[in-house]
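Student: So in our numbering, the last spot in the sequence shown is 250, and the numbers never skip.
I'd like to ask you about the structure that follows.
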Amino acid sequence: MVYHPAGGRRIPPVGARTEERDIAVTAVIRVTPNDAHFPAALTRCSSGDAPTFLDALGNLDLLQRPLLAFFASVRCPGRLILQAHDLAQELRRAGVPTIGGFHSPVEREALTVLLRGEQPIVVCPARGLARMRVPRGYRAPLEAGCLLLLSPFDEHVRRATAQTAQRRNRLVAALAQWVFVAYAAPGGKTEAFCRETVAWGKLLYTFAGNENLVEMGAQVLQPGDGLSFFDTTGIDE
Numbered sequence: 014m015v016y017h018p019a020g021g022r023r024i025p026p027v028g029a030r031t032e033e034r035d036i037a038v039t040a041v042i043r044v045t046p047n048d049a050h051f052p053a054a055l056t057r058c059s060s061g062d063a064p065t066f067l068d069a070l071g072n073l074d075l076l077q078r079p080l081l082a083f084f085a086s087v088r089c090p091g092r093l094i095l096q097a098h099d100l101a102q103e104l105r106r107a108g109v110p111t112i113g114g115f116h117s118p119v120e121r122e123a124l125t126v127l128l129r130g131e132q133p134i135v136v137c138p139a140r141g142l143a144r145m146r147v148p149r150g151y152r153a154p155l156e157a158g159c160l161l162l163l164s165p166f167d168e169h170v171r172r173a174t175a176q177t178a179q180r181r182n183r184l185v186a187a188l189a190q191w192v193f194v195a196y197a198a199p200g201g202k203t204e205a206f207c208r209e210t211v212a213w214g215k216l217l218y219t220f221a222g223n224e225n226l227v228e229m230g231a232q233v234l235q236p237g238d239g240l241s242f243f244d245t246t247g248i249d250e
């Protein structure tokens with residue numbers, strides 16, 4: 014096994030389909046807790062199930078940046094969907110480094126917006142990377158060093174499930190400095206997830222109307238806030 018200069022072990026290239034809209038995953042880097050790039054936050058905020066490795070494609074140095082986790086579930090009400098889209102535009106303009114699974118329709122639309130900018134983006138699929146087809150739209154940001162694909166799953170996990178999505182969401186929140194959740198139904202799984210992230214000491218943000226999240230300490234994002242509170246210049250890395 015050959016070691017990558019930046020730390021971690023290179024997984025042998027795996028053949029991938031090369032359709033017009035895709036690029037092949039030719040080199041996935043595996044980092045373990047003994048590697049310099051393995052985030053210490055994962056051992057502090059993992060509820061006892063810290064991953065034993067992370068597979069990565071892209072710029073691992075992005076994990077040193079303070080990141081905003083972006084969550085918007087499929088149950089997000091229509092009025093909040095529009096606000097989430099506007100927030101993505103603001104995040105792009107402000108250059109806020111962002112992390113997420115970007116799996117739900119709202120999240121995918123947000124990612125499309127974010128990819129038009131030059132700010133760091135970390136995408137965490139709820140499946141393994143080694144055999145995944147990567148959208149051609151990722152080519153430019155990957156080459157520019159402002160995109161990282163990250164997964165705690167090996168090549169045998171080829172499809173996202175409710176279980177892998179839950180584990181992925183914990184990974185995203187653990188790696189983030191701030192956590193944004195567009196909507197959480199009272200008493201639902203997302204609300205429980207938010208309580209978990211608050212217990213980790215994460216700063217939680219949401220939109221107006223999510224009183225259940227506000228009661229647990231979430232701060233409300235208002236349109237046009239300017240996102241000045243996501244100050245990425247004074248945080249220890």
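Every residue gets a Cβ at the ideal spot worked out from N, C-alpha and C, and that includes glycine.
1) Beta-carbon within less than 8 Å of R106's beta-carbon, same chain only, minus the 5 sequence neighbours each way: which residues are those?
2) Using alpha carbons as the reference points, say which of T45, H116 and E204 lies closest to F66.
3) Using the three-state DSSP reduction, which class does P25 fall into: helix, strand or coil?
4) Do L75 and L161 have their beta-carbon atoms positioned less than 8 Å apart in this structure?
5) Looking only at its own chain, which residues have a Cβ that is under 7 Å from the Cβ of A101, when we skip the five neighbours before and after it?
6) Taking Cβ positions, are A205 and A173 nearer each other than 8 Å?
7) Drop a sphere of 10 angstroms on the beta-carbon of E120, count the other beta-carbons inside from all chains shown, and report buried for 16 or more, exposed for fewer.
8) Please list, in chain order, all residues of the same chain as G108 whose beta carbon is under 6 Å from its beta carbon, the five residues on each side excluded.
9) Within the continuous alpha helix (DSSP H) that includes D99, where are the two ends?
10) Within its chain, find whatever has a CB closer than 7 Å to the CB of G200; leave out the 5 residues flanking it on each side and keep chain order.
11) For the alpha helix (DSSP H) that contains T56, what are its first and last residues?
12) Helix, strand or coil: how does DSSP classify Y269 here?
13) By the three-class DSSP mapping on this structure, what secondary structure does V233 have?
14) So, with DSSP's three-state summary, where would you put V192?
Tutor: On the basis of the coordinates in this document:
1) In the sequence shown, counting from the first residue as 1, residue 106 sits at position 93. Excluding positions up to five away in sequence, the list reads G130.
2) Taking the sequence shown and counting its residues from 1, the one referred to as residue 66 is at position 53. Checked all of T45, H116 and E204; the closest Cα to F66 is T45.
3) Position 12 of the sequence shown, counted from the start, is the residue given in the question as residue 25. The predicted position of P25 is uncertain, since its pLDDT is 41 and thus under 50; a value taken from the coordinates is nonetheless stated next. Residue state, collapsed to three classes: coil.
4) For the purposes of this step, residue 161 is taken as the residue at position 148 of the sequence shown. For the purposes of this step, residue 75 is taken as the residue at position 62 of the sequence shown. Going by C-beta atoms, L161 is nearer than 8 Å to L75.
5) In the sequence shown, counting from the first residue as 1, residue 101 sits at position 88. The residues are A123, V126 and L127.
6) Numbered from its first residue, the sequence shown carries residue 205 at position 192. Numbered from its first residue, the sequence shown carries residue 173 at position 160. Cβ atoms of A205 and A173: not closer than 8 Å.
7) Position 107 of the sequence shown, counted from the start, is the residue given in the question as residue 120. It is buried - the Cβ of E120 has at least 16 other Cβ atoms within 10 Å.
8) As a first step, residue 108 is located in the sequence shown; it is residue number 95 there, counting from the start. Q132.
9) By one-based count along the sequence shown, residue 99 stands at place 86. Here the alpha helix (DSSP H) through D99 covers G91 to A107.
10) Working through the sequence shown from its first residue, we reach residue 200 at position 187. Excluding positions up to five away in sequence, the list is empty.
11) Indexing the sequence shown from 1 puts residue 56 at position 43. Residues A54 to R57.
12) The chain is shown only over 14 to 250; residue 269 falls outside these bounds and no answer can be derived.
13) Here the question's residue 233 lines up with position 220 in the sequence shown. Residue state for V233 is assigned as strand, using DSSP reduced to three classes.
14) The residue given as residue 192 occupies position 179 in the sequence shown. V192 falls in the strand class under three-state DSSP.
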